[in-house]
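Engineer: This is the structure, below, for whatever I ask next.
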Amino acid sequence: MNVPVYNMKGASVGEMSIDEAALSASYADDGLNPDLIKQAYVMYHANKRQGSARSKNRAAISGSTAKMYKQKGTGRARHSTKKAPQFKGGGRAFAKTATREDYHLDMPRKMRRKANRNALLSKIIGSEKFGTEIRVIDDLSLSAPKTKDFVGFLDSLKLDRSALVVLSSGEKSDNIRLSARNVDNVELCPIEQMTCFEMLNHRYLVIDKSSLEAWLAGPSSQTGKSARVSPMGRQEKKSKRPAVARGKKLAASGGGD
3 MNVPVYNMKG ASVGEMSIDE AALSASYADD GLNPDLIKQA YVMYHANKRQ
53 GSARSKNRAA ISGSTAKMYK QKGTGRARHS TKKAPQFKGG GRAFAKTATR
103 EDYHLDMPRK MRRKANRNAL LSKIIGSEKF GTEIRVIDDL SLSAPKTKDF
153 VGFLDSLKLD RSALVVLSSG EKSDNIRLSA RNVDNVELCP IEQMTCFEML
203 NHRYLVIDKS SLEAWLAGPS SQTGKSARVS PMGRQEKKSK RPAVARGKKL
253 AASGGGD
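Here's what the structure looks like:
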């Protein structure tokens with residue numbers, strides 16, 4: 003399928019060919035696998051939880067410890083301070099003070115990559131009302147960090163809903179990051195962190211053409227056995243002790259003939 007490519011003024015300057023079969027994760031006509039996408043979405047959402055939710059009991063509430071009124075003779079119930087759970091602003095009766103909870107979920111690497119690529123396919127297909135929900139830019143960059151220029155760029159693309167702007171690695175996207183960090187309904191995301199969770203949380207996806215090509219051909223493309231046999235981006239482990247030739251080692255230890 004062909005996706006239109008725009009410049010920074012919002013004008014169409016060409017098309018980008020994307021292999022639909024490489025993004026498909028289902029035998030359906032549209033190639034979408036909603037179950038796989040939802041499983042990955044729930045995983046990414048759960049992994050963002052810190053598990054540190056706590057509530058205060060009456061001992062942790064700050065306030066006066068004075069007795070509300072005398073113990074006897076009023077005809078009312080006996081109370082000590084206003085920190086009791088039945089009063090507004092008091093402590094919680096069964097406060098949550100347990101240790102940190104772990105909501106972490108996991109998925110196989112190949113399933114995660116298929117879900118991310120399938121989510122990208124859903125943005126390309128788009129909807130009947132909004133059409134395709136991806137905006138590929140030939141060169142996503144600004145000469146200077148100006149919010150006004152970035153807002154004008156979004157207006158030229160006719161984005162009427164929330165947008166996810168994917169930043170390329172390096173200094174090229176510094177001006178974009180500085181210009182867009184205070185714009186409403188715009189979220190910035192590094193290309194390495196572009197997942198189905200980030201894509202589906204926004205109506206539109208704005209990405210540089212070179213970044214999209216690198217993402218499609220990078221480690222996310224390894225959804226088969228090659229992801230384990232020869233994974234991309236793996237760094238060679240450096241040995242802590244430098245290798246020493248056997249003859250030199252023997253000479254240093256006084257060995258040899």
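Residue numbers for the sequence shown, in my numbering: 3 to 259. The beta carbon of each residue, even a glycine, is placed where N, CA and C say it ideally should be.
#1: Expressed to the nearest angstrom, what Euclidean distance is found between the alpha-carbon atoms of Tyr206 and Leu218?
#2: Count the other CB atoms, across all protein chains shown, that sit within 10 Å of the CB of Ala160; report buried if there are 16 or more and exposed otherwise.
#3: Measuring CA to CA, which of Lys227, Leu202, Tyr105, Val138 is closest to Met45?
#4: Taking the continuous beta strand (DSSP E) assigned at Arg137, which residues delimit it?
#5: With H, G and I counted as helix, E and B as strand and the rest as coil, what does DSSP make of Glu189?
#6: Is there at least one non-hydrogen atom of the ligand NAP closer than 7 angstroms to the beta-carbon of Gln195?
#7: Counting C-beta neighbours from all protein chains within 10 Å, is the total for Lys150 16 or more, i.e. buried, or is it exposed?
#8: Quick check on Asp259: does DSSP put it in helix, strand or coil?
#9: Just to confirm the assignment, what range does the alpha helix (DSSP H) spanning Ser124 have?
#10: With distances taken between CB atoms, is the gap from Leu107 to Ala48 smaller than 8 angstroms?
#11: Where does Met196 land, buried or exposed, given buried means 16+ other C-beta within 10 angstroms?
#12: Indicate whether Ala117 and Cys198 have their beta-carbon atoms separated by less than 8 angstroms.
#13: Quick check on the burial criterion: 16 or more other C-beta atoms within 10 angstroms. Buried or exposed for Thr119?
Structural biologist: Taking the structure as given:
#1: Tyr206 and Leu218: Cα-Cα distance of roughly 18 angstroms.
#2: The question names Ala, yet the displayed sequence has Lys at residue 160. Around the C-beta of Lys160, fewer than 16 other C-beta atoms lie within 10 Å, and the residue is accordingly described as exposed.
#3: Ranking Lys227, Leu202, Tyr105, Val138 by Cα distance to Met45 puts Tyr105 first.
#4: Here the beta strand (DSSP E) through Arg137 covers 136-139.
#5: In this structure, Glu189 counts as strand in the three-state DSSP scheme.
#6: Inclusion of the ligand NAP in the displayed structure is not the case, the ligand content being empty and no account of it being possible.
#7: It is exposed - the Cβ of Lys150 has fewer than 16 other Cβ atoms within 10 Å.
#8: Here Asp259 scores only 45 on pLDDT, less than 50, and its place in the model should not be relied on; the value that follows carries that caveat. Asp259 sits in coil when the DSSP states are folded into three classes, being neither helix nor strand.
#9: Its alpha helix (DSSP H) spans residues 111-127.
#10: Yes, Cβ-Cβ distance for Leu107 and Ala48 is below 8 angstroms.
#11: With 16 or more other Cβ atoms within 10 Å, it is buried.
#12: Their beta carbons are under 8 angstroms apart, which means Ala117 touches Cys198 by this criterion.
#13: Thr is not the amino acid found at residue 119; the sequence shown has Arg there. Of the other Cβ atoms in all chains shown, 16 or more fall within 10 Å of the Cβ of Arg119; this residue is therefore buried.
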